[in-house]
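Below: one structure, written as structure tokens.
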Amino acid sequence: MREKMIGLIEKTLNLAHGVINEDTKIEEVPGWDSLAHVLIIGAIESDLGISIPLDEAVDIASVGELFEKAGV
Amino acid sequence: MKVALLSNINADPINRYLNGCKDIEIYEPQGYGNELGVLLNRDSSLYDFAPDMVFIITDLMELIGRDLEITAAGKKIDEWFALFESSLSEGTVFYVSDAFVHGFEVDLVWERSVITAVENKWDENLYALANKYSNVRVFGLNRIIRLYGESNAFSRKMWYMGKILYSAVLQKALAEEIIHRTEIEIRQPKKALLLDLDNTLWRGLAGENDISPVILSEDGVGLAYKNFQRGIKLLKSQGVILGIVSKNNEDDAISIIENHPHMVLRLEDFATYRINWENKAENIVSISKELNIGLDSIVFIDDNKAEQALIREALSQVYVPDFPVNPEELSSFIAEIYRQCFEKPIVTDEDKNKTKQYRENQTRKQLMKASVDFAGYLDNLEMRMIRVNPEKHKERLLQLVNKTNQFNLTTRRLTEQELANILRDNNSEVFLYRVLDRFGDNGIVAAAMVEYRNEAVITEFTMSCRVMGRKIEDAVIDDIEKYSASRGYGELVGIYIPTEKNKPVKDLYSSLGYKKREVCDDGTFEFVISLKDDLVRDIHVERTTEV
Numbered sequence: 215m216r217e218k219m220i221g222l223i224e225k226t227l228n229l230a231h232g233v234i235n236e237d238t239k240i241e242e243v244p245g246w247d248s249l250a251h252v253l254i255i256g257a258i259e260s261d262l263g264i265s266i267p268l269d270e271a272v273d274i275a276s277v278g279e280l281f282e283k284a285g286v
Numbered sequence: 030m031k032v033a034l035l036s037n038i039n040a041d042p043i044n045r046y047l048n049g050c051k052d053i054e055i056y057e058p059q060g061y062g063n064e065l066g067v068l069l070n071r072d073s074s075l076y077d078f079a080p081d082m083v084f085i086i087t088d089l090m091e092l093i094g095r096d097l098e099i100t101a102a103g104k105k106i107d108e109w110f111a112l113f114e115s116s117l118s119e120g121t122v123f124y125v126s127d128a129f130v131h132g133f134e135v136d137l138v139w140e141r142s143v144i145t146a147v148e149n150k151w152d153e154n155l156y157a158l159a160n161k162y163s164n165v166r167v168f169g170l171n172r173i174i175r176l177y178g179e180s181n182a183f184s185r186k187m188w189y190m191g192k193i194l195y196s197a198v199l200q201k202a203l204a205e206e207i208i209h210r211t212e213i214e215i216r217q218p219k220k221a222l223l224l225d226l227d228n229t230l231w232r233g234l235a236g237e238n239d240i241s242p243v244i245l246s247e248d249g250v251g252l253a254y255k256n257f258q259r260g261i262k263l264l265k266s267q268g269v270i271l272g273i274v275s276k277n278n279e280d281d282a283i284s285i286i287e288n289h290p291h292m293v294l295r296l297e298d299f300a301t302y303r304i305n306w307e308n309k310a311e312n313i314v315s316i317s318k319e320l321n322i323g324l325d326s327i328v329f330i331d332d333n334k335a336e337q338a339l340i341r342e343a344l345s346q347v348y349v350p351d352f353p354v355n356p357e358e359l360s361s362f363i364a365e366i367y368r369q370c371f372e373k374p375i376v377t378d379e380d381k382n383k384t385k386q387y388r389e390n391q392t393r394k395q396l397m398k399a400s401v402d403f404a405g406y407l408d409n410l411e412m413r414m415i416r417v418n419p420e421k422h423k424e425r426l427l428q429l430v431n432k433t434n435q436f437n438l439t440t441r442r443l444t445e446q447e448l449a450n451i452l453r454d455n456n457s458e459v460f461l462y463r464v465l466d467r468f469g470d471n472g473i474v475a476a477a478m479v480e481y482r483n484e485a486v487i488t489e490f491t492m493s494c495r496v497m498g499r500k501i502e503d504a505v506i507d508d509i510e511k512y513s514a515s516r517g518y519g520e521l522v523g524i525y526i527p528t529e530k531n532k533p534v535k536d537l538y539s540s541l542g543y544k545k546r547e548v549c550d551d552g553t554f555e556f557v558i559s560l561k562d563d564l565v566r567d568i569h570v571e572r573t574t575e576v
């Protein structure tokens, strides 16, 4: 599932495979702005069926944190 | 094409989809919710960008401040349109989304009419403006949301997080619709839709009531075909010229078109028709000349894959879509054809009367025959003909002899007993063939019987209309001739007994070089050919015999 999620992030951000890993910090990724963040949260919900609650979704700083809040 | 998308909600995700689309340069909006401000300010970055097309997607609920009370909502809608109208400029096409009221509030309103009143108010304003200005068009947001379903189209979480109203699937669908709109702005729409009849406009075969009666009705499969016709009729009302290109006896087909109670399309709906046994490619070329429209303006619909291939091969400019496998797909198929080929930015009154004009202009002069590379097409079909053992396929043989009307030279019907006698008779030979092509197995489709007494006579020759017009008959006759010669006969006789239905084959023998020998009192024609000369036939099928 983590692999799938990374794939989905890379797809949403139009990045090459391998750019994103568990240690990636959101602010370090070019293009991962607030809009992109919403799209990623939306894609995780619609494509993977994982709903990250609103309160937690706005407040994520790294991919590791994203995994944690998604419970994967 | 320079495109700008403006919205009162966050439409950036749609812009992201559009960005990088070839042929589209997309305006980078500054924020959202100020779409009228941007339009009204001639110094805004929008006018620096100078768009060819402006798309305005409006969430109605936001626009009316989430207050569904019609007086207040109506006032806001009127104001919006008044400002929008004053911002209009020539040379730019404006697409404005139609109404769809969405929000949790909708589920808390008891009266549906409260919602529809707001939606109607918006749409009335929009259509009035679209009728007034040729560069104002309706963007079918409502249709797209309905297509995906409200529960799939919206994302509440994304709304709270970033004022993104639509889910990812809908954003993509909206982006695709915008692309589609830019395409139809540039493209030349097709003009004419030419249609086959049997198993296309109806299920079944005209003139073959015993094998496959015409099915067209208010329920079941018949309804699927009827709805297909209803869709085609709607295309006609939008200016698409209709025509028929079909292999049938003209009388049989016309009789169904004019008299069948469930026909939606009648003869007057068609600008022209070619109902005959000639090559369809030639018929299409002849129609294109008659109506004076280019081949690249023609769409041809036929259920038969071989006919589809013939036209694609011979007339590559004609668009030939794949025909749906299941009848329940027919109505969405015609809607897709409409969008893909015929949809125009605007439909004029002149469009609506087009068929009438073409009918009036219809010329009756002899039309030139197209030179189509028919031989190349036939070779391309990769046909194989296998002579099979009639003893093993008696039922199919009887069916071919007793049920075929059109390609049947003598229309003699046989009982099982009579057939058994013929199969036992050393002075008779039965020829039975299976035909395959690159599209698959057509099954056992041709049968002939020859009597060898003081002369060799083809007493029966029948073929399924599925494989007519592919020179299979030439190969069958060639087979019979070679076999007859090998039995020592110097001549071969063919018989044609005319009936109501078998006109398609009345010239079969003469077209193969047979000479008319006698016309008997009962109307039977006898033809004869000498087998002593080497007959060279134009064969496009590989022949084998089943072991």
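Taken in sequence, the protein lines are chains A and B. Add 214 to a position in the first sequence, counting from 1, and you land on the number used in the numbering used here. Add 29 to a position in the second sequence, counting from 1, and you land on the number used in the numbering used here. Quick reminder that beta carbons are idealized off the backbone N, C-alpha and C, glycines included.
> So with Cβ pairs under 7 Å, would you call A284/A a contact of chain B?
Replying inline: Taking Cβ atoms only, chain B never reaches closer than 7 Å to A284/A, which makes this a no.
> Excluding five sequence neighbours on each side, which residues of the same chain lie with their C-beta closer than 7 Å to the C-beta of E510/B?
Replying inline: Here the set comprises L521, L560 and L564.
> Mind checking W231/B: buried by the 16 CB within 10 Å criterion, or exposed?
Replying inline: It is buried - the Cβ of W231/B has at least 16 other Cβ atoms within 10 Å.
> So, helix, strand or coil for D248/B, using DSSP?
Replying inline: In the three-state reduction of the DSSP assignment, D248/B falls in the coil class.
> Quick one: which chain A residues come within Cβ less than 7 Å of M90/B?
Replying inline: Residues of chain A whose Cβ lies closer than 7 Å to the Cβ of M90/B do not exist; the shortest such Cβ separation is about 20 Å.
>> So, with DSSP's three-state summary, where would you put I526/B?
In response: Three-state result, I526/B: coil.
> With distances taken between CB atoms, is the gap from I38/B to L47/B smaller than 7 Å?
Replying inline: No.
>> I want to verify the contact list: residues of chain B whose CB lies under 9 Å from the CB of L249/A, in sequence order.
In response: Near L249/A (Cβ distances below 9 Å), the residues of chain B are N39, D41, P42, R45, G191 and I193.
>> Assess contact between the region 278 to 292 of chain B and the region 225 to 245 of chain B, defined as three or more Cβ pairs (one per stretch) separated by less than 8 Å. Is contact present?
In response: Segments in contact, yes.
> Among the residues of its own chain, which have a CB less than 6 Å from the CB of N228/B, if the five just before and after it don't count?
Replying inline: Excluding residues within five positions, the ones whose Cβ falls inside 6 Å are D332.
>> Helix, strand or coil, according to DSSP, for V231/B in the structure here?
In response: One detail in the question is off: residue 231/B reads as Trp in this sequence, not Val. Here W231/B sits in strand by DSSP.
> Nearest-angstrom Cα distance between A449/B and V417/B?
Replying inline: Looking at the two C-alpha atoms, the distance is approximately 16 Å.
> How would you write the range of the alpha helix (DSSP H) that S457/B sits in, first residue to last?
Replying inline: Note, S457/B: premise wrong, no alpha helix (DSSP H); beta strand (DSSP E) at S457 to D466.
> Residues in its own chain within less than 7 Å of K532/B by CB, not counting five upstream and five downstream?
Replying inline: Apart from the 5 residues on each side of it in sequence, K532/B sits with its Cβ closer than 7 Å to the Cβ of N278 in its chain, given in chain order.
> Taking C-alpha atoms, which residue in L68/B, I270/B and G552/B lies nearest to I322/B?
Replying inline: It is I270/B whose Cα lies nearest to the Cα of I322/B.
> Going by the CB atoms, is the gap between V570/B and L438/B shorter than 7 Å?
Replying inline: Result no, Cβ atoms of L438/B and V570/B do not sit closer than 7 Å.
>> With a threshold of 7 Å between beta carbons, is K51/B in contact with chain A?
In response: Answer no: the Cβ-Cβ gap between K51/B and chain A never drops below 7 Å.
> If you count every other CB in all the chains shown that lies within 10 Å of the CB of T100/B, and 16 or more means buried, which is it?
Replying inline: Per the 10 Å Cβ criterion, exposed.
>> For L224/B, report the span of its beta strand (DSSP E) as first-last.
In response: From DSSP, the beta strand (DSSP E) with L224/B extends over A221 to L224.
>> Can you tell me which residues form a DSSP beta bridge with R166/B?
In response: Answer is Y124/B.
>> Among I215/B, L410/B and P80/B, whose alpha-carbon lies nearest the alpha-carbon of E372/B?
In response: Comparing Cα-Cα distances from E372/B to each of I215/B, L410/B and P80/B, the minimum goes to I215/B.
> Is the Cβ of K500/B closer than 7 Å to any Cβ of chain A?
Replying inline: Interface annotation, K500/B: not in contact with chain A, CB-CB separation never under 7 Å.
>> Tell me which residues share the same chain as I366/B and place their Cβ nearer than 7 Å to its Cβ, disregarding the 5 neighbours each side in the sequence.
In response: Apart from sequence neighbours up to five positions away, the residues of its chain that approach I366/B with a beta-carbon distance below 7 Å are V328 and P350, ordered along the chain.
> What do you reckon, are the CB atoms on I258/A and I264/A nearer than 7 Å?
Replying inline: Contact check for I258/A against I264/A passes: the beta carbons are separated by less than 7 Å.
> Taking Cβ-Cβ distances shorter than 8 Å, what residues in chain B pair up with I255/A?
Replying inline: By Cβ distance, chain B contributes K186, M187 and M190.
> Is K544/B helix, strand or coil when you go by DSSP?
Replying inline: DSSP places K544/B in strand when its eight states are reduced to three.
> What does S196/B reach in chain A if we use C-beta pairs closer than 8 Å?
Replying inline: Result: G256 and S260.
>> Out of S284/B, G542/B, R499/B and D96/B, which one is the CA nearest neighbour of K309/B?
In response: K309/B has its Cα closest to that of R499/B, out of S284/B, G542/B, R499/B and D96/B.
> Are the C-beta of V252/A and some C-beta of chain B separated by less than 7 Å?
Replying inline: For V252/A, a Cβ of chain B is located within less than 7 Å of the residue's own Cβ.
>> If you reduce the DSSP assignment to three classes, tell me which class G272/B lands in.
In response: G272/B: strand per DSSP, three-state reduction.
> By how many angstroms is the C-alpha of K31/B removed from the C-alpha of S116/B?
Replying inline: Those two C-alpha atoms are separated by around 18 Å.
>> Taking 7 Å as the threshold (beta carbon to beta carbon), is L227/A in contact with chain B?
In response: For L227/A, the nearest beta carbon of chain B is not closer than 7 Å to its own beta carbon.
> Between D562/B and M492/B, what straight-line distance do the alpha-carbon atoms span, to the nearest angstrom?
Replying inline: Whole-angstrom Cα-Cα distance: 27 Å.
> Within 10 angstroms of its Cβ, does E57/B collect 16 or more other Cβ (buried), or is it exposed?
Replying inline: Classification for E57/B: exposed.
> Applying a beta-carbon distance threshold of less than 8 Å, which residues of chain B neighbour V233/A?
Replying inline: The contacting residues do not exist; V233/A stays about 18 Å from chain B at best.
> Quick one: what does DSSP say T433/B is sitting in, helix, strand or coil?
Replying inline: In the displayed model, T433/B falls within coil according to three-state DSSP, outside both helix and strand.
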